[in-house]
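Just so we're aligned: 8 in numbering that gives the first Met the number 0 is position 9 of the sequence shown, and the numbers increase by one with no gaps anywhere.
Report on the following structure.
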Amino acid sequence: MSQRLTINQNNKPIYDIVYEADFHNLSSELEKFEIANKKLCIITDSRVNLLYSEEVCKELKDKCKEVVVFSFPNGEQSKNLDTVKNIYEFLIQNKFERKDMLLALGGGVVGDITGFVAATYLRGIDFVQIPTTLLAQVDSSVGGKTGVDFDQYKNMVGAFYMPKLVYMNLSVLKSLDDRDYYSGMAEVMKYGLIKNASFYEWIIENMYEIHERDLDVLEDMVVKSCTYKKLVVEKDPTEKGERAILNFGHTIGHAIEKYMNFELSHGECVALGSVAAAYMSWKRELLSMEEYYEIRDMFVPFNLPISIENIDPEKILELTASDKKMEGNQIKFILLKKVGKAMIDNTVTKEEILAGINEIYFSEEDWDE
Ligand code: GLY
C-alpha cells in the first residue's frame with residue numbers, strides 16, 4: 000500500500016492522493032501543512048461520525064492546536080445551503096481563521112459540502128478530503144468539484160476548489176454496506192466505458208475479488224479509477240470541454256435520483272442512466288446491438304439496476320432539462336462510440352432521451368408479456 004498519485008495543473012503539482020490501509024499516516028501527511036499551528040475542523044455526517052471521528056481525532060489531537068468535529072445528518076437531503084450556514088456558524092463560534100483547516104471525513108455529500116464551505120469561508124480556507132465511500136474515493140473527492148443542491152437542482156451552487164490532499168484509507172471500504180459499495184461500482188464501471196476498454200475487461204475478470212472486497216484488488220481498482228479521472232481533470236479542470244465525459248449516465252441518472260426523492264442511491268441512478276445512454280448510442284448506430292446488451296447486462300452482477308418501475312418517463316425527461324449540463328437550450332449529452340470511448344453530443348433530441356428513459360422503464364405492460 001502507501002501508493003501516491005499527484006494531480007497537476009499546468010505541469011505544476013496541486014495535490015496528492017495517498018492510498019493507505021488505515022488512518023495512521025494521516026498526521027504525518029498533514030504535518031506537511033504545518034498543522035501544529037492550526038485548528039482543524041472535521042466535518043462529517045451522523046453515520047461516519049460514529050464510525051471514524053474518534054479514531055481520526057486521536058490521530059490528530061496531539062499534532063495540531065485543536066481539533067473539533069461538526070456532524071450533520073447523513074444523506075443527500077443535507078446537501079443544501081442550510082447545512083452550509085450551520086457550518087459557517089460553527090466555524091465562527093470556534094474562531095476559525097483563514098490559516099486553519101477543514102477535513103472532509105465521509106462520502107460524496109460530506110466532501111462536496113466541506114469543499115464548498117472551504118471555498119467560501121473567509122474567501123477560502125484549506126481543506127483535505129478523507130473519503131470513506133467507494134463513490135467518493137473513485138470520483139467525488141478528486142477533481143475539485145464542490146457544491147450543494149438548490150431547490151430541485153442538483154449541484155447547482157458550487158465552486159471548483161482544490162483540496163490540499165486526498166487521504167484514502169482503503170480498509171474503510173470493507174465496512175460499507177452492500178448498497179453503498181455497489182453504488183460506487185457504477186462510477187468504477189463508468190471509467191471503463193468512457194476511457195479504457197481493458198479496464199472494463201479487468202473489472203469483469205476480477206468480479207469475484209471485487210465482491211469479496213480483496214484489499215489488493217480494491218487498491219488496484221481505486222488507483223486505476225483515480226488515474227483515469229486524473230487524465231481527464233488535469234486537461235480540463237473546470238469542465239470547459241472533455242471533463243463532461245465524466246457525466247456519462249448522469250443526465251438521466253440525476254433526473255431519476257431527483258424524481259425518486261433520493262430513495263435510490265447515486266450509483267443505482269447512474270447505472271440506469273448509463274443503460275439509457277448506451278441504448279441511445281445503439282440507436283444512433285454508434286454501438287452495435289450486442290455491445291449495448293453486453294453493457295446493460297454487465298451492471299447486473301454488480302447489484303446495479305438496469306430497469307425501474309413506477310416512474311413517469313415524461314417527468315424524468317422534464318427533469319433532465321433542469322439538469323445543469325445545458326448549453327443554450329441544448330443538453331450536453333454523453334454517448335458511447337464504443338466501450339472505452341465516450342463522446343459529447345449537443346444534438347441529442349428530447350425524443351431520443353425519452354426513448355432512452357422508456358428503455359429502462361419496466362411498466363406493468365412488460366409484466367403482461
Ligand atoms: N463527477 C464528475 C466530475 O468530477 O467531473
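For glycine and all other residues, C-beta sits at the position ideal for the given N, C-alpha and C.
Here the structure is a predicted model, which means the values were calculated and not measured.
Expected contact under 8 Å - CB spacing of residue i and residue j to nearest Å
i	j	result
residue 336	residue 285	5 Å
residue 116	residue 75	With 8 Å as the limit, residue 116 and residue 75 do not qualify as a contact, their Cβ atoms being about 17 Å apart.
residue 277	residue 291	5 Å
residue 164	residue 127	5 Å
residue 340	residue 257	Going by Cβ atoms, the distance from residue 340 to residue 257 rounds to 29 Å, so no, they are not a contact pair.
residue 264	residue 182	4 Å
residue 92	residue 236	With a Cβ gap of about 34 Å, residue 92 and residue 236 do not count as contacting.
residue 347	residue 332	4 Å
residue 86	residue 103	With 8 Å as the limit, residue 86 and residue 103 do not qualify as a contact, their Cβ atoms being about 11 Å apart.
residue 273	residue 349	With a Cβ gap of about 20 Å, residue 273 and residue 349 do not count as contacting.
Proximity of residue i and residue j at Cβ, strictly below 8 Å
i	j	result
residue 131	residue 47	yes
residue 167	residue 299	no
residue 160	residue 143	yes
residue 52	residue 68	yes
residue 56	residue 34	no
residue 437	residue 83	Nothing in the structure corresponds to residue 437, since the chain is present only between 0 and 368.
residue 6	residue 222	no
residue 254	residue 319	yes
residue 279	residue 355	yes
residue 139	residue 187	no
residue 306	residue 352	no
residue 135	residue 106	yes
residue 376	residue 275	This structure leaves residue 376 out entirely; the chain is present only between 0 and 368.
residue 59	residue 101	no
residue 31	residue 65	no
residue 44	residue 71	yes
residue 227	residue 338	no
residue 121	residue 97	yes
residue 150	residue 124	no
residue 266	residue 206	no
residue 370	residue 312	In the structure displayed, the chain extends from 0 to 368; residue 370 sits before or after that span and is not available.
For residue i, the three-state DSSP class (helix, strand or coil)
i	result
residue 321	coil
residue 266	helix
residue 248	coil
residue 119	helix
residue 374	Examination of residue 374 is not possible in this model, given that the chain is present from 0 through 368 alone.
residue 105	strand
residue 44	strand
residue 298	coil
residue 312	helix
residue 168	strand
residue 14	strand
residue 70	strand
residue 143	coil
residue 342	strand
residue 132	coil
residue 177	helix
residue 65	strand
residue 347	coil
residue 242	helix
residue 100	strand
residue 261	coil
residue 375	No statement about residue 375 is possible, as the shown extent of the chain runs from 0 to 368 and does not include it.
residue 112	helix
residue 357	helix
residue 303	coil
residue 235	coil
residue 279	helix
residue 93	coil
residue 161	coil
residue 6	strand
residue 335	strand
residue 31	coil
residue 39	strand
residue 255	helix
residue 124	coil
Beta carbon proximity, residue i to chain C, threshold 8 Å
i	result
residue 235	Going by chain labels, chain C is absent from the structure shown, which holds only one protein chain.
Next item on the list: Would you be able to state if there are at least three C-beta pairs under 8 Å between the segment 212-225 and the segment 172-187?
Entry: yes
Checklist line | the segment 234-247 / the segment 187-200 touching (three or more Cβ pairs under 8 Å) | finding: yes
Note to self: Which complete beta strand (DSSP E) runs does the segment 178-213 hold, if anything under 3 residues is left out?
What the structure shows: none
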